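Working notes, structure below.
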């Protein structure tokens, strides 16, 4: 067992490595703007301004996304969006936020992996080596390089997997409060990651249920944890119910070429970051089955889970066919390489177990230190190469298709990401991401909602003055404008007041994405539209109740841990 003094020292080393990994960005002072950067910057800017101005609106975007009143955060990790919003708020610029969030991501991923390996009783100092190795994988770098939010799910995933060891070590008894809290944490951070953790839990608990002698008690414990999980995620369920019960929502885009987004096709880089990952995979796949009887139940369960996720991340699954037949789960996944995240976590653990227990003629510690050193150098090199894109005069943003530049002065766009006013860059660079927009089916499906959003929300915006007052979004414009299309998105729960009068349905129409078109005969020469979102009392109570539930169950968990500690001593 690793001593407390050693744990503190190891955490310090993890923080030091995290700092080393962000040094390239601190030196170059360049940005990395990947495919999802503008989307997440808008999400977090919205919550940061809500905190700053104390104009809280859980559902609609009042500051981000062109102040369009569209719903994003309520359906996408809402509480985590507020945490990132706080980081944005205290950051001097988007550059500072990016460095800070990357630094935090590295630290948390290393600590989470450390907890996982600690629960697995990995020996010192291999526990530290493998934690650092995880920090250098693409599971973590996915956020750094492309701003893929799955990396934040990869932060909590090792911590959640540690429950499997507790399950086996407690003689197949479900630890009190942990299952509900761990799975709720994963869902609050990233829904797809929570889904993958759930699959791992189902495999583990099925094995444990077959082994336990108290099946009735096992089922009762499961039910208890399910209730805890629901209480800790009530805000998510009520938000989905409130929105989806009333509106058809545009789902994230369907990847029709999913077969290319696997580790055996175009996303092979998941296998070679770091370069030692592929050899480690081969060694583990060969060694563990040949020495099956030498391994504990937890190792065998984790090996099976790893194989499941490894297969799902490859072309062994006919992904394109599943999309073609409209298999909803495949459409929702979008990128099969995401399944390699849990496979990576388990792979590193199993290899570490094999490596520390196998007799070798060479010095294991020197070899692991060399592996870690080369892995860190590889990350630094990859980040430096990616940062170099920022030096391009025109192609410095790798934000993908449908990016709209509202200025031709690219130098000015670059400078805006270092400005204290973070709204500047979001006003200069937009992207018509269609996720969670209303789907009113008023036009042919062949029309891209990305294009519609660009035409009806982004490009029309300069004609209108928008600001936030008393928790409402206010839009002002002159009635003699050439258009009566108002650049906001409207849902069933959206409340509209035009010139201090409630706007009723017969006086307006909605486009295929829910943008507002008001009849000209009710407009004045000068108009003011107040926009808000009206939810039900149950939804409002759940948003308040969920954090209180977290506080209560964390206190109960700490009390339970204290009891167990006193019992063992």
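Residue numbers (the working numbering): 10 to 578. Glycine included, C-beta positions come from ideal geometry on N, C-alpha and C. Remember, it's a predicted structure, so these values are computed and weren't measured experimentally.
Per DSSP, which residues does residue i bridge with? Please list them.
i, result
"residue 542", "503"
"residue 519", "525"
"residue 482", "477, 540"
"residue 438", "414"
"residue 535", "487"
"residue 498", "524"
"residue 69", "80"
"residue 471", "Answer is none; residue 471 lacks a bridge partner."
"residue 510", "507"
"residue 258", "447"
Assuming the contact rule is C-beta atoms closer than 8 Å, residue i and residue j should be a hit. Round their C-beta distance to whole Å, please.
i, j, result
"residue 656", "residue 104", "The chain is shown only over 10 to 578; residue 656 falls outside these bounds and no answer can be derived."
"residue 270", "residue 344", "4 Å"
"residue 332", "residue 272", "Not really, about 18 Å apart at Cβ, beyond 8 Å."
"residue 525", "residue 497", "6 Å"
"residue 94", "residue 53", "5 Å"
"residue 545", "residue 64", "That belief does not hold up - the Cβ atoms of residue 545 and residue 64 are roughly 21 Å apart, past 8 Å."
"residue 435", "residue 82", "Their Cβ separation, rounded to whole angstroms, is 15 Å, which puts residue 435 and residue 82 out of contact at 8 Å."
"residue 119", "residue 141", "6 Å"
"residue 193", "residue 241", "4 Å"
"residue 297", "residue 359", "6 Å"
"residue 45", "residue 158", "7 Å"
"residue 437", "residue 422", "5 Å"
"residue 542", "residue 502", "5 Å"
"residue 367", "residue 139", "Going by Cβ atoms, the distance from residue 367 to residue 139 rounds to 15 Å, so no, they are not a contact pair."
"residue 89", "residue 198", "5 Å"
"residue 143", "residue 122", "4 Å"
"residue 507", "residue 536", "7 Å"
"residue 483", "residue 425", "Not really, about 25 Å apart at Cβ, beyond 8 Å."
Could you tell me the alpha carbon to alpha carbon distance between residue i and residue j, rounded to whole angstroms?
i, j, result
"residue 278", "residue 257", "37 Å"
"residue 137", "residue 15", "10 Å"
"residue 534", "residue 487", "5 Å"
"residue 552", "residue 57", "18 Å"
"residue 558", "residue 516", "43 Å"
"residue 255", "residue 478", "26 Å"
"residue 495", "residue 73", "17 Å"
"residue 219", "residue 212", "11 Å"
"residue 418", "residue 251", "43 Å"
"residue 420", "residue 378", "43 Å"
"residue 443", "residue 427", "27 Å"
"residue 463", "residue 457", "10 Å"
"residue 182", "residue 23", "32 Å"
"residue 188", "residue 572", "18 Å"
"residue 322", "residue 431", "37 Å"
"residue 62", "residue 532", "30 Å"
"residue 274", "residue 381", "27 Å"
"residue 601", "residue 341", "Residue 601 is absent from the structure shown; the chain starts at 10 and stops at 578."
"residue 475", "residue 325", "51 Å"
"residue 440", "residue 55", "15 Å"
"residue 393", "residue 36", "10 Å"
"residue 185", "residue 221", "16 Å"
"residue 408", "residue 133", "42 Å"
"residue 290", "residue 493", "60 Å"
Please classify residue i as buried or exposed, where buried requires at least 16 neighbouring CB atoms within 10 angstroms.
i, result
"residue 416", "exposed"
"residue 504", "exposed"
"residue 404", "exposed"
"residue 174", "buried"
"residue 372", "exposed"
"residue 223", "exposed"
"residue 414", "exposed"
"residue 79", "buried"
"residue 301", "exposed"
"residue 8", "The first residue shown for the chain is 10 and the last is 578, placing residue 8 beyond what the model contains."
"residue 402", "exposed"
Does any residue of chain D have a CB that is nearer than 8 Å to the CB of residue i?
i, result
"residue 111", "Included in the structure is just one protein chain, with no chain D present."
Contact between the region 105-123 and the region 145-165 is defined here as three or more beta-carbon pairs at a separation below 8 Å; is this criterion met? Flag = yes, the region 105-123 and the region 145-165 touch.
Stretch-stretch touch, CB-based, cutoff 8 Å, three pairs: the region 65-72 with the region 176-184: Look at the beta carbons and you see the region 65-72 not touching the region 176-184: under three pairs across the two are nearer than 8 Å.
Sufficient close CB pairs (3 or more, under 8 Å) joining the region 231-242 to the region 306-314: Contact fails: fewer than three Cβ-Cβ distances are below 8 Å.
Counting pairs of Cβ atoms below 8 Å between the region 387-397 and the region 23-36, do you hit three or more? With the cut-off at 8 Å, the region 387-397 and the region 23-36 touch.
Quick check: the region 159-176 against the region 349-361, are there 3 or more CB pairs under 8 Å? A contact exists between the region 159-176 and the region 349-361.
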